[in-house]
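Here the protein sequences come in this chain order: A and B. So in my numbering, the last spot in the first sequence is 334, and the numbers never skip. So in my numbering, the last spot in the second sequence is 334, and the numbers never skip. In this text, a Cβ means the ideal position worked out from N, Cα and C, and glycines have one as well.
Protein chains: 2
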Amino acid sequence: MHKTLGTFAKYLKAQKLKFTKERGAVLQEMFLHRGHLEAEDLLYSLRRKKKGASRATVYRTLELLMDSGIVRKVDLGHGHSHYELVLDHPHHEHMVCVNCGKVLEFSDKKIEMALKRLCKKSRFEHTSHHFQVFGYCDKCRRTKTQEE
Amino acid sequence: MHKTLGTFAKYLKAQKLKFTKERGAVLQEMFLHRGHLEAEDLLYSLRRKKKGASRATVYRTLELLMDSGIVRKVDLGHGHSHYELVLDHPHHEHMVCVNCGKVLEFSDKKIEMALKRLCKKSRFEHTSHHFQVFGYCDKCRRTKTQEE
DNA sequence: CCTGTAATTGAGATTGAATCTCAATCTCGA
DNA sequence: TCGAGATTGAGATTCAATCTCAATTACAGG
C-alpha cells in the first residue's frame with residue numbers, strides 16, 4: 187500500500203493534479219477488497235464508512251488509477267466493468283462460473299505464443315486483449331450433476 | 187436464407203410461438219448486413235426501409251434467434267453487444283482495431299487445446315468463451331508509424 | 001373462412017452503468 | 001496566507017437494454 191500510494195502521489199504531481207482524501211480513500215478501498223471489484227460496490231463500501239466519495243469521483247479516480255498503472259479494468263462479461271490491483275500481479279485471463287460468479291485466474295505461455303504468431307500472420311499490432319472463459323467451477327459442476 | 191428461415195419457423199412452431207413479419211424482417215436484415223451488427227444499427231436500418239420493428243421487438247427477436255442457434259452474440263469490447271449469423275461460420279475469436287474499428291476473425295487449434303487442458307487442470311467445465319484482441323490493423327499500423 | 005385465445009407489438013417508461021455539468025469547495029505552491 | 005486552478009458532489013444526462021400493458025395479430029380448430 188505505502189509503495190503504491192507513493193506511486194499514485196508521484197503520478198498526480200507529475201500531472202499537476204492534487205492528492206485529495208477522496209482519491210486516497212478510493213485507493214485504500216481497492217486494497218481492502220483485493221480481487222475484482224465493481225465501481226458501484228466500491229462506492230457503497232465507502233459510503234457505509236462515511237468516507238464518502240461521490241459516484242463521479244469514484245469513476246474519475248479509477249480512471250486516474252488506471253492511467254498511473256495501479257489498477258486495471260477487467261471485463262468479466264457482466265456487461266459492466268470490474269477493477270483489480272495490478273501490483274505484482276502479471277497479466278492473466280479469467281474463468282467465470284456462470285452459476286456462482288466465482289472467478290479463477292489463469293495464464294498460459296502456449297496461448298500467448300499462439301496469439302503472437304497469429305497477430306504476426308495477420309499483420310496486426312497487438313496492444314492488449316481480454317479472454318473470458320465461461321462455465322462451471324468445480325463446486326457448481328458437482329452440484330449441477332447431482333440435480334440432473 | 188431459405189434454409190435458415192425454415193430453421194427459425196420450425197423453432198418458433200416447436201415453442202408455440204408465432205412467425206410475424208417483424209421477426210422475418212429482423213432475420214432478413216441480419217442476412218443483408220452479414221458481419222457484426224449492432225442491435226441499434228439493425229433497428230435504424232429497418233426503420234429507414236419502413237419495415238419497422240420497434241426497439242423492443244428487435245431485441246426480443248435477436249434473443250429468439252440466439253435461442254434457435256441462428257445468431258450469436260459477439261463481445262467486441264465496445265460495452266454493448268454485436269450480433270452475427272452462425273451459418274456455417276464456426277466459433278472464432280476477434281481482433282479489433284482500436285483505430286478504425288475493423289474486425290478480423292481468427293481461430294487456432296493450439297489455443298483451443300491449451301484452453302481445454304487448463305480447464306481440466308482447474309476442474310472447470312467450459313461452456314463458452316470470448317477472446318478479444320485489441321491493437322492496430324495492418325493499414326492503421328502503417329499510418330500510425332508515418333505520423334510519429 | 002371464421003373465431004377465440006394466446007402470443008405479439010410498440011410507445012414510452014424504466015433500469016443500470018457510466019459520464020457530464022457547474023457552482024461551491026479545496027489543495028498547494030509561491 | 002493567498003489565489004489560481006484543480007476537485008468535488010448532487011443531480012442531470014447518455015446509452016444500451018429491458019419492461020409494461022393496452023391494442024393488435026397470428027393461427028389452430030371448428
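(1) Between residue 297 of chain A and chain B, is the shortest Cβ-Cβ distance under 8 Å, so that the two count as touching?
(2) For chain B, is any of its Cβ atoms less than 8 Å away from the one on residue 222 of chain A?
(3) Given that residue 311 of chain B touches chain A, what residues does it touch there, using C-beta distances under 7 Å?
(4) Hey, is residue 277 of chain B's beta-carbon within less than 8 Å of any beta-carbon in chain A?
(5) Check residue 284 of chain B in the structure and name its three-state DSSP category.
(6) Hey, out of B/256, B/265 and B/288, whose CA is closest to residue 276 of chain B's CA?
(7) Quick check on residue 214 of chain A - is its C-beta less than 8 Å from some C-beta in chain B?
(8) Using a threshold of 8 Å, state whether the C-beta atoms of residue 282 of chain A and residue 272 of chain A are closer than that.
(9) Is there at least one Cβ from chain B nearer than 8 Å to residue 250 of chain A's Cβ?
(10) Quick one: is residue 299 of chain B buried, meaning 16 or more other Cβ sit within 10 Å of its Cβ, or exposed?
(11) Would you kindly check if the distance between the Cβ of residue 316 of chain B and the Cβ of residue 305 of chain B is under 8 Å?
(12) Is residue 248 of chain A closer than 8 Å to residue 269 of chain A when the C-beta atoms are compared?
(13) On the three-state DSSP scale, how would you describe residue 214 of chain B?
(14) Under 8 Å, with one C-beta from each stretch per pair, do the segment 207-223 of chain A and the segment 236-248 of chain A reach the 3-pair mark?
(15) Let me check understanding here. Comparing Cα to Cα, which of B/195, B/286, B/280 and B/207 lies closest to residue 294 of chain B?
(16) State the DSSP-derived secondary structure class of residue 158 of chain B, mapped to helix, strand or coil.
(17) Over what stretch of residues does the beta strand (DSSP E) that includes residue 258 of chain A continue unbroken?
(18) On the criterion of 16 or more Cβ atoms from any shown chain inside 10 Å, does residue 375 of chain B qualify as buried, or is it exposed?
(19) Less than 8 Å between CB atoms is the rule here; does residue 301 of chain A satisfy it with respect to chain B?
(20) Which class does residue 308 of chain B belong to by DSSP, given the choice of helix, strand or coil?
(21) Compute the Euclidean distance between the alpha carbons of residue 224 of chain A and residue 258 of chain A, then round it to the nearest angstrom.
(22) Quick one: give me the first and last residue of the alpha helix (DSSP H) that residue 228 of chain A is part of.
(23) In terms of residues, what are the limits of the alpha helix (DSSP H) holding residue 244 of chain A?
(24) Rounded to a whole number of angstroms, what is the C-alpha to C-alpha distance between residue 250 of chain A and residue 227 of chain B?
(25) For the segment 251-263 of chain B, list every residue whose C-beta sits within 8 Å of some C-beta in chain A, in sequence order.
(26) Cα separation between residue 254 of chain A and residue 193 of chain A?
(27) Does any CB atom of chain B fall closer than 8 Å to the CB of residue 217 of chain A?
(28) Residues of chain A with a CB under 8 Å from the CB of residue 284 of chain B: which are they?
Inspection of the coordinates gives the following:
(1) Yes, because at least one Cβ of chain B sits closer than 8 Å to the Cβ of residue 297 of chain A.
(2) Not flagged as an interface residue toward chain B: residue 222 of chain A, since no C-beta distance is shorter than 8 Å.
(3) Chain A residues near residue 311 of chain B: 321, 322 and 327.
(4) By this cut-off, residue 277 of chain B is not an interface position.
(5) Correct three-state label for residue 284 of chain B: coil.
(6) Checking every option, the nearest Cα to that of residue 276 of chain B belongs to B/256.
(7) Cβ-Cβ to chain B under 8 Å: no for residue 214 of chain A.
(8) Between residue 282 of chain A and residue 272 of chain A, the C-beta gap is not smaller than 8 Å, which leaves the two residues out of contact.
(9) Not one beta carbon of chain B lies nearer than 8 Å to the beta carbon of residue 250 of chain A.
(10) In the assembly as shown, residue 299 of chain B is an exposed residue. Its beta-carbon has fewer than 16 other beta-carbons within 10 Å.
(11) Taking 8 Å as the cut-off, the Cβ atoms of residue 305 of chain B and residue 316 of chain B do not count as close.
(12) The answer is yes: Cβ separation under 8 Å.
(13) Judged by DSSP in its simplified three-state form, residue 214 of chain B adopts helix.
(14) Judged by Cβ distances under 8 Å, the segment 207-223 of chain A makes contact with the segment 236-248 of chain A, as three or more pairs qualify.
(15) Residue B/280 is the option with its Cα nearest to residue 294 of chain B.
(16) Residue numbering for chain B in the displayed model covers 187 to 334; residue 158 of chain B lies beyond these limits and cannot be assessed.
(17) Residue 258 of chain A -> beta strand (DSSP E) spans 257-260.
(18) For residue 375 of chain B there is no data in the structure shown, the boundaries of chain B being 187 and 334.
(19) For residue 301 of chain A, at least one C-beta of chain B is nearer than 8 Å to its own C-beta.
(20) The three-state reading of DSSP puts residue 308 of chain B in coil, since its state is none of H, G, I, E or B.
(21) In a straight line, the C-alpha of residue 224 of chain A is about 12 Å away from that of residue 258 of chain A.
(22) Per DSSP, residue 228 of chain A belongs to the alpha helix (DSSP H) from 225-234.
(23) According to the DSSP assignment, residue 244 of chain A belongs to the alpha helix (DSSP H) that extends over 241-253.
(24) If you take the alpha carbons of residue 250 of chain A and residue 227 of chain B, they lie about 33 Å apart.
(25) Closer than 8 Å at the C-beta level to chain A, one finds these residues of the segment 251-263 of chain B: 261 and 263.
(26) Each residue's Cα considered, the two are about 8 Å apart.
(27) So, not an interface residue.
(28) Ordered by position in chain A, the residues that pass the 8 Å Cβ test against residue 284 of chain B are 313.
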